[in-house]
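Going letter by letter, the first sequence gives residues 21 to 495 in my numbering.
All remarks here apply to the structure that follows.
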Amino acid sequence: MVRTRYAPSPTGFMHIGNLRTALYEYLIAKHENGAFILRIEDTDQQRYVEGAEDAILETLRLTGLNYDEGPGIGGDYGPYIQSQRKADYLPPALRLIESGQAYYCFCTKQRLSSLADERGIMKYDRYCLHLPKEEIASRILSEPYVIRQLIPEGKTTFHDEVYGDITIDNNELEDQILLKSDGMPTYNFANVIDDHAMAITHIARGCEYLTSTPKYTLLYEALGWPLPRFVHLPLLQNDAGQKLGKRNGAISIPQLIDMGFLPEAIVNYAALLGWSPPDNKEIFTLDELTQVFDATNISKSPSTYDVKKLTWVNGEHVKALPPEVFAAMALPYLQAAVKKPGTDYNRLAVITQPRVSLVNECGELVDFIDALPEYDIELYTHKKMKTNPDIARETLKLAISSLETLCDWNHTAIGEAVAIKAEENGYTKGQILWPLRTALSGKPSTPCGATEIAELLGKDESLQRLAIGLKKLEV
RNA sequence: GGCCCGUUGGUCAAGGGGUUAAGACACGGCCCUUUCACGGCUGAAACAAGGGUUCGAAUCCCUUACGGGUCACCA
């Protein structure tokens, strides 16, 4: 059974990069009907951020990446918070010491930092590797210590599902710390212990871990455990070409949602960053992604987050929303933009749904209903409609005269009335409808035509606006 | 700096020895349309550079350049 895990540390919010990692973990598991596990890696008490864990849980919930095992819901391999598994890390470390694959180290941080070169790069010199057993036995009782893994000579090769075989010379690797002086495991060590304990089969993570993966494989080998499959993901970068991160302008998922992006669109877009299906389809629901996702189609090169494409993807999802769902989502924005009594908000929702990329844009599309905005008479000029302010002055007069007496105030009747009038006086439909729409809305573009706007506004308001328009043109 | 990875239009990306080098976003034009949008059509726009290997290289190899990652008692 395929088992994957998303293993964030509670140090901040989730941005699109984190979400993509979680998503791929989810998809790899779900594509095979496997299990997706959430594990919180809080072994660094210094960096712990209050509320970060809840924020992560919330983001996963909003985006529909439901985990099968994890904090809050438990599972057969719990607990799923590393600080609660503290007792599990010492035994394997001791086992490695017994077999000569790890050793105690009492070096102080001062001594360690004195080992650094001018660039601050250092490699442990194995000062404590050959300490006499008796000395170790007594110092353990009185001094802080760490446990380090003894990296063997040679080269280490591992296979990555995306990058292929990668070989690194072991002398590039330091005798890494397994257990810190506070008794907590380091990230690398806890990762290996827990992934094995939780029977994780696939590890997807950013390729910033590519060079440290040999350390993991060495650990698995030392402990005699089978290796999981590694799926390293190309980095996501910002416009400056830097790895996307909290410090590099990445915005959080809840923030994106606040901006009007739909969770399913964010998920859809995240999937496309570094992966594409064989048929090049671009719009997917999470279920559809689950069907077609294949880790072998993940690309090796980094990609850049592009809000324009996200916006387009969002627009596609908005259009696909059931009308009543869109109406419910749009209602607050429509109500804020249009306060006129008797407004049919469902109608406004129907009109705006196919025309917005972001739900919260629907308000500004219809805000002219409440109040006619100030506009320039140059709006009456339209080359294709063959209109200009002079023609508009005449056709507006015709429109007013034909509508004043119109009893049946609906857009069909309005359209017929003005069309006949225009024709009688030698004008085209466009020459009367363009000025009509302009005078009624005061905007260069509106979400529907002149006659619909007139119906929406009602007879009195419409005639009033036409009079205002005419007055502007007569000055 | 050592090591690792990468480099196809502005962006996301197909293509893994023979293609007129797909498609999508954004941008321009045209059509449709009483506006906008949708839709349709269309335009401009790319294989980092140099060497090999080959009848033939975006594709394989080497070098260079550029970009990124990584070298913690952080994850």
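Glycine included, each C-beta is placed from N, C-alpha and C at the ideal position.
Nothing here was measured: the structure is a model prediction, and the numbers come from that model.
Are residue i and residue j close, meaning C-beta to C-beta below 7 Å?
| i | j | result |
| --- | --- | --- |
| VAL358 | VAL386 | yes |
| ILE167 | ALA107 | no |
| ALA315 | GLU181 | yes |
| ILE10 | GLU73 | It is not possible to answer for residue 10, since the shown part of the chain is limited to 21 through 495. |
| TYR400 | PRO409 | yes |
| PRO30 | ASP64 | no |
| SER323 | GLY294 | yes |
| GLU58 | TYR26 | The question names Glu, yet the displayed sequence has Leu at residue 58. Taking 7 Å as the Cβ cut-off, LEU58 and TYR26 qualify as a contacting pair. |
| ALA290 | LEU43 | yes |
| LEU486 | ILE420 | yes |
| TYR109 | PRO248 | no |
| LEU282 | ASN334 | yes |
| LEU418 | TYR325 | no |
| ALA113 | LEU193 | no |
| ALA437 | LYS449 | no |
| ILE76 | PRO28 | yes |
| GLY19 | TYR353 | It is not possible to answer for residue 19, since the shown part of the chain is limited to 21 through 495. |
| TRP429 | LYS479 | yes |
| PRO254 | SER162 | no |
Nearest to residue i by alpha carbon, out of the options?
| i | options | result |
| --- | --- | --- |
| VAL370 | PRO467, GLY203, GLU436 and VAL287 | PRO467 |
| HIS252 | ILE117, PRO361, LYS479 and CYS227 | CYS227 |
| GLN451 | HIS179, ALA470 and SER465 | ALA470 |
| PHE126 | ILE213, ILE389 and SER201 | SER201 |
| GLU475 | ALA433, ILE197 and GLN275 | ALA433 |
| ILE160 | CYS148, GLN169, LEU170 and ILE171 | CYS148 |
| GLU472 | ILE389, LEU47, ALA136 and ARG67 | ILE389 |
| TYR229 | PRO246, PHE178, GLU241 and GLY261 | PHE178 |
| LEU170 | TYR183, ARG146 and GLY489 | ARG146 |
| ASP189 | TYR183, THR176 and LEU198 | THR176 |
| GLY84 | GLY71, PRO99, LYS50 and ALA113 | LYS50 |
| THR310 | VAL22, LEU354 and GLU52 | GLU52 |
| PRO455 | CYS427, LYS404, ASP480 and ASN191 | LYS404 |
| PRO242 | GLY120, LYS492 and GLU138 | Per the sequence shown, residue 242 should be read as Ala rather than Pro. Of GLY120, LYS492 and GLU138, the residue nearest in Cα terms is GLY120. |
| LEU128 | ASP137, ALA136, PRO164 and ASN288 | Residue 128 is actually Thr in this sequence, not Leu. Of the candidates ASP137, ALA136, PRO164 and ASN288, the one whose C-alpha sits nearest the C-alpha of THR128 is PRO164. |
| GLY95 | LEU292, ALA217, GLU284 and ASP259 | ALA217 |
| GLY54 | GLU89, GLN66 and VAL376 | GLU89 |
| ASN191 | ILE286, SER133 and LYS235 | LYS235 |
| VAL287 | GLY71, VAL69, THR79 and ARG67 | THR79 |
| ARG457 | SER482, THR41 and TYR447 | SER482 |
| ASP185 | PHE250, SER158, ARG131 and LEU351 | PHE250 |
| PRO464 | LEU292, ILE488, GLU443 and HIS402 | HIS402 |
| GLU424 | GLN484, GLU384 and GLU443 | GLN484 |
| PRO274 | ARG81, TYR68 and GLN66 | ARG81 |
| SER158 | TYR124, GLY244 and ALA136 | TYR124 |
Could you check the C-alpha separation between residue i and residue j for me, to the nearest Å?
| i | j | result |
| --- | --- | --- |
| THR584 | PHE56 | Beyond the ends of the chain as shown, which are 21 and 495, falls residue 584; an answer cannot be given. |
| THR331 | LEU460 | 30 Å |
| SER319 | THR233 | 19 Å |
| ILE117 | THR231 | 25 Å |
| LEU378 | ARG105 | 44 Å |
| THR237 | LEU47 | 24 Å |
| LEU477 | SER296 | 47 Å |
| GLY140 | TYR183 | 30 Å |
| GLU381 | LEU368 | 12 Å |
| ASP195 | LYS328 | 46 Å |
| LYS441 | LYS406 | 17 Å |
| GLY203 | VAL376 | 55 Å |
| SER133 | VAL22 | 43 Å |
| LEU426 | ASN445 | 18 Å |
| SER422 | GLN355 | 32 Å |
| GLN102 | ASP214 | 8 Å |
| GLU308 | GLU284 | 11 Å |
| ARG115 | ASP259 | 47 Å |
| LYS548 | TYR447 | The chain is shown only over 21 to 495; residue 548 falls outside these bounds and no answer can be derived. |
| ASP364 | ILE488 | 25 Å |
Report yes or no: do three or more beta-carbon pairs, one from the stretch 142-158 and one from the stretch 222-238, lie closer than 8 Å? no
For the pair the stretch 301-311 and the stretch 341-350, tell me if three or more CB-CB distances fall below 8 Å. no
Can at least three beta-carbon pairs, one atom from the stretch 272-289 and one from the stretch 202-213, be found at a separation below 8 Å? no
At least 3 beta-carbon pairs within less than 8 Å: the stretch 404-421 vs the stretch 363-382: no
Taking contact to mean at least 3 C-beta pairs separated by less than 8 Å, is the stretch 257-266 in contact with the stretch 23-37? yes
Mind listing, in chain order, the continuous beta strand (DSSP E) runs of no fewer than 3 residues lying wholly within the stretch 196-252? 197-199 and 222-226
List, from N- to C-terminal side, the beta strand (DSSP E) runs of 3 residues or more that fit wholly inside the stretch 38-116. 55-58
Could you name each continuous alpha helix (DSSP H) segment of 4 residues or more that falls completely within the stretch 383-455, going from the start of the chain to the end? 409-424 and 431-444
Whole runs of the beta strand (DSSP E) within the stretch 278-318, excluding any shorter than 3 residues: none
Can you list, in chain order, the stretches of the alpha helix (DSSP H) that have 4 or more residues and sit fully within the stretch 129-167? 129-134 and 153-162
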